[in-house]
Structure formats: C-alpha cells, structure tokens
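Below is one structure; the comments refer to it alone.
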Amino acid sequence: MGETELTKELDARFAAPRERLGDTVEIADIEAVMTAIFGSSPSELTALAERERHVQSELGQSMAFMRTAREELAGLEVSEIRRTRIPDANDELEEIVSATETATNDIMDAAERIEALVAEGDDDLPDRVTVQITRIFESCGFQDITGQRIGKVVETLRHIEAKIAGLSGAGDGAASADREPPAEKAAPSDADLLNGPQASGEAQSQADIDKLFSSLD
Amino acid sequence: MAVEKDMNILIVDDYKTMLRIVTNLLRQLGFNNVSEALDGAEALTKLREDTEFGLIISDWNMEPMTGLQLLKEVRADENLKHTPFIMITAESKTENVIAAKEAGVNNYIVKPFNAETLRGKMSAVIGDF
Numbered sequence: 001m002g003e004t005e006l007t008k009e010l011d012a013r014f015a016a017p018r019e020r021l022g023d024t025v026e027i028a029d030i031e032a033v034m035t036a037i038f039g040s041s042p043s044e045l046t047a048l049a050e051r052e053r054h055v056q057s058e059l060g061q062s063m064a065f066m067r068t069a070r071e072e073l074a075g076l077e078v079s080e081i082r083r084t085r086i087p088d089a090n091d092e093l094e095e096i097v098s099a100t101e102t103a104t105n106d107i108m109d110a111a112e113r114i115e116a117l118v119a120e121g122d123d124d125l126p127d128r129v130t131v132q133i134t135r136i137f138e139s140c141g142f143q144d145i146t147g148q149r150i151g152k153v154v155e156t157l158r159h160i161e162a163k164i165a166g167l168s169g170a171g172d173g174a175a176s177a178d179r180e181p182p183a184e185k186a187a188p189s190d191a192d193l194l195n196g197p198q199a200s201g202e203a204q205s206q207a208d209i210d211k212l213f214s215s216l217d
Numbered sequence: 218m219a220v221e222k223d224m225n226i227l228i229v230d231d232y233k234t235m236l237r238i239v240t241n242l243l244r245q246l247g248f249n250n251v252s253e254a255l256d257g258a259e260a261l262t263k264l265r266e267d268t269e270f271g272l273i274i275s276d277w278n279m280e281p282m283t284g285l286q287l288l289k290e291v292r293a294d295e296n297l298k299h300t301p302f303i304m305i306t307a308e309s310k311t312e313n314v315i316a317a318k319e320a321g322v323n324n325y326i327v328k329p330f331n332a333e334t335l336r337g338k339m340s341a342v343i344g345d346f
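Going down the list, the protein sequences come from chains A and B. Residue 133 in the numbering used here sits at position 133 of the first sequence; the count goes up by one each step and never skips. To convert a position in the second sequence, counted from 1, into the numbering used here, add 217.
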C-alpha cells in the first residue's frame with residue numbers, strides 16, 4: 001500500500017469516530033475509538049501479541065531441539081562404533097569361544113589321561129597323575145582371560161547404550177549434560193596401559209616378552 | 218644359595234580363580250606358605266604387616282590399585298623395596314613391559330602361562346629350587 005493510499009485509508013478510518021466524538025477523546029472512549037479505527041479492541045490486540053510471542057517461543061524451542069538432536073547425532077560416532085568397537089567386540093567373542101574350547105579339550109585330555117594311568121597302575125602313578133593335574137590347573141587359567149575379554153565387550157555395549165540414551169534425551173536438556181566429551185589424545189598414563197588381553201594375532205608371546213625384557217637391562 | 222621353600226609368597230589377583238590356580242601351582246612346586254590379596258591396596262596392607270614376604274607375584278589390571286601402582290609403592294617403601302616382584306598379566310604390549318621394567322619389576326609373565334614358565338621365572342628371580 002502506497003503512502004497516499006495509506007493516508008486515505010487512515011483518514012477514512014478516523015472519519016467516523018471524529019464525526020461522532022469530535023477532535024477530543026475522553027479516556028473512557030479510547031477503546032471504542034481504537035476498535036472503530038483498527039477493527040480490534042486493545043484486549044484483542046494484547047491477545048494477538050501474546051499468541052505471536054507464544055509462536056516465537058515455540059519456534060525457538062523447535063530450533064533448540066533440532067540443534068541438540070544434530071549435536072547428539074554427531075556425538076553418536078556411528079562410524080567409530082561401526083569401524084572399531086563392533087569388530088573389536090566380535091573379535092573378543094571369537095577369542096572367548098576359542099579359549100573355552102581349547103581349555104575344555106585340554107581338561108578332558110588330562111582327565112582321560114588320568115583315567116588311563118589309573119587303569120595301567122604303574123609304579124610312578126602319583127607323579128604322572130600330578131603332571132596331568134598341573135595341566136588341568138594351567139587350563140583353568142582361561143577363566144581369567146575370557147573374563148577380561150567379556151569385560152571389554154560389556155564396555156562396548158555400555159558405550160553404545162550411553163550414546164543411544166543421550167540421543168533419546170535430546171531436547172530436554174539432559175542429553176547435553178550426560179554427553180561424554182569427545183575423546184582427547186592425552187599423554188599416556190597408568191590407565192592407558194590397562195588394555196586387557198590382546199587379540200591372539202597381535203598379542204606378544206612369552207618369548208617375545210622375554211626378548212624385550214632382556215633388551216631393557 | 219638354595220631357595221628356602223618355606224618362604225612366604227604373596228600373590229595378588231582380582232580373579233579368585235587365578236589366585237587358586239597360582240596357589241595350586243606354587244604348592245606343586247613345593248611352596249606352601251602362600252598369601253593372597255585381591256588388589257594392590259590389600260596387598261600393600263599385607264606387605265606392611267609383620268609377615269616378611271620373599272616374593273610378590275601380581276596381576277596388573279586390578280582396581281582400585283593396579284599391579285603397576287603396587288610395584289611403584291613397593292619400590293618406594295624403604296622396608297619393601299628389595300622384595301622380588303613378578304608381574305603375571307594379560308597386558309602384553311611393549312609399552313606395558315617397558316613401564317613395568319622402569320618401575321622395577323624383576324620378571325614378566327604373560328597370561329595364559331604354564332607351570333614351567335612360572336618355575337623358570339621364579340628361578341630367575343629368587344634362585345634355583
């Protein structure tokens with residue numbers, strides 16, 4: 001609407017109240033004048049303004065939610081979980097299956113050997129049985145190793161659980177507070193040396209350890 | 218000098234199964250005076266009591282006090298610093314071996330291990346038996 005048209009429009013809106021009330025308006029008549037000019041009462045205008053503020057607030061909250069959700073999605077580190085944590089967990093589980101199978105077979109071999117020794121009834125039976133019992137003790141060490149491997153898998157599941165919980169809480173403010181900070185490359189500490197058993201393809205043998213240990217003298 | 222098999226040995230591991238295995242292996246090797254602790258802090262308490270231990274055999278990965286922390290505490294203690302210390306652990310990375318060596322460990326056994334390895338490392342540390 002141009003300036004001339006606006007002026008004409010306002011003149012037309014003011015004409016009726018001016019004709020009825022003159023150039024001076026009593027305070028008590030202001031609402032009626034405003035209604036006549038603008039088609040809405042001050043209370044209606046207040047309500048309109050309130051609704052507008054409400055809409056603005058809703059839009060602000062929606063934007064904040066989307067911002068938080070975007071941050072949470074970035075924090076999920078999906079590629080890191082898929083690239084490293086899941087394959088590592090799979091490897092650990094395979095190692096556990098393998099270790100328990102080996103230990104079980106070793107224990108059964110020793111038991112069968114003891115059974116045979118008893119049947120043979122040799123003079124050196126006690127010593128030969130002791131050798132087999134030692135094998136059983138050695139084999140039972142699998143429980144320690146598999147326990148540590150299971151601990152690493154559980155840690156991976158907890159990591160994924162925390163990430164998903166953070167995403168589900170996006171928008172209520174809790175997610176941001178609970179979110180883990182991005183991993184920073186810090187100087188090696190005692191904690192950095194706690195990695196548990198390595199995969200069998202990567203772990204150093206006792207011979208490797210002995211060689212390294214001697215080289216440090 | 219022959220090793221006295223009645224010496225006191227302290228084994229430290231948070232897995233009770235492993236404590237039992239090592240205790241049994243030591244018994245088969247002729248060592249019957251074996252005490253057990255479930256982490257470094259409990260071990261340190263036992264070490265500072267009246268009993269004199271001739272050897273400490275410790276796991277690494279334990280809470281609240283790790284085997285490495287225990288080793289450092291032992292080496293820093295005027296009354297304990299000469300106690301032979303063998304680490305038995307699943308931690309087989311080079312940096313672990315280096316860290317243990319720098320902290321003063323006498324030998325290092327990687328899990329899983331067998332009785333012969335334990336005997337060999339014990340002999341290297343405390344003498345033949």
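Don't be surprised by glycine CBs; every beta carbon is placed ideally from N, CA and C.
Assigned with DSSP and collapsed to three states, residue 296/B falls in coil, not helix or strand.
Taking C-alpha positions only, residue 217/A is separated from residue 318/B by approximately 9 angstroms.
The beta-carbon separation of residue 152/A and residue 92/A, rounded to 5 angstroms, stays under the 8 angstroms limit for a contact. Between the alpha carbons of residue 117/A and residue 136/A lies a gap of roughly 15 angstroms. Here residue 102/A is not bridged, per DSSP, to any residue. For the stretch 143 to 155 of chain A, the beta-carbon criterion of a distance under 8 angstroms to any beta-carbon of chain B is satisfied by 143, 144, 145, 147 and 148. The beta carbon of residue 322/B sits closer than 8 angstroms to those of 288, 302, 303 and 304, all from its chain and outside the five residues before and after it, given in chain order. In summary, the residues of the stretch 328 to 339 of chain B whose CB is separated from some CB of chain A by less than 8 angstroms are 328, 329, 330, 331, 332 and 334, in the order they occur in the chain. Per the Cβ contact rule, the stretch 71 to 88 of chain A is not in contact with the stretch 128 to 148 of chain A (fewer than 3 Cβ pairs under 8 angstroms). The beta carbon of residue 312/B falls within 9 angstroms of a beta carbon belonging to chain A, placing the residue at that interface. In the displayed model, residue 225/B falls within a strand according to three-state DSSP. Comparing C-alpha distances from residue 232/B to each of 259/B, 297/B and 276/B shows the shortest one belongs to 276/B. Taking all protein chains in view, the Cβ of residue 67/A is surrounded by fewer than 16 other Cβ atoms within 10 Å, so the residue is classified as exposed. The three-state secondary structure of residue 306/B, taken from DSSP, is strand.
From the listed residues 266/B, 260/B, 345/B and 336/B, the smallest Cα separation to residue 134/A is found for 336/B. Rounded to whole angstroms, the gap between the alpha carbons of residue 311/B and residue 201/A is 15 angstroms.
Only exposed fits residue 223/B, as fewer than 16 other CB atoms lie within 10 angstroms of its CB. Here residue 197/A really is in contact with residue 148/A; their C-beta atoms are around 5 angstroms apart, less than 8 angstroms. With a cutoff of 9 angstroms on beta-carbon distance, residue 343/B and residue 271/B are scored as near each other.
Around the beta carbon of residue 307/B, 16 or more other beta carbons sit within 10 angstroms, so the residue counts as buried.
Between residue 11/A and the set 55/A, 160/A, 37/A and 114/A, the nearest pair of CA atoms involves 37/A. Its chain contains 257 and 277 as the residues whose beta carbon lies nearer than 7 angstroms to that of residue 283/B, once the 5 sequence neighbours on both sides are disregarded; these appear in chain order. Neighbourhood of residue 235/B in chain A, by CB distance below 8 angstroms: 141, 143 and 144, in chain order. Contact with chain B is absent for residue 107/A, since none of that chain's Cβ atoms lies less than 9 angstroms from the residue's Cβ.
In the DSSP assignment, residue 337/B falls within the unbroken alpha helix (DSSP H) covering 332 to 343. Here residue 145/A has 99 and 197 as same chain residues with Cβ atoms under 7 angstroms from its own Cβ, once five neighbours each way along the sequence are excluded. Following the DSSP letters along the chain, one finds residue 81/A in no alpha helix (DSSP H), marked with neither H nor E.
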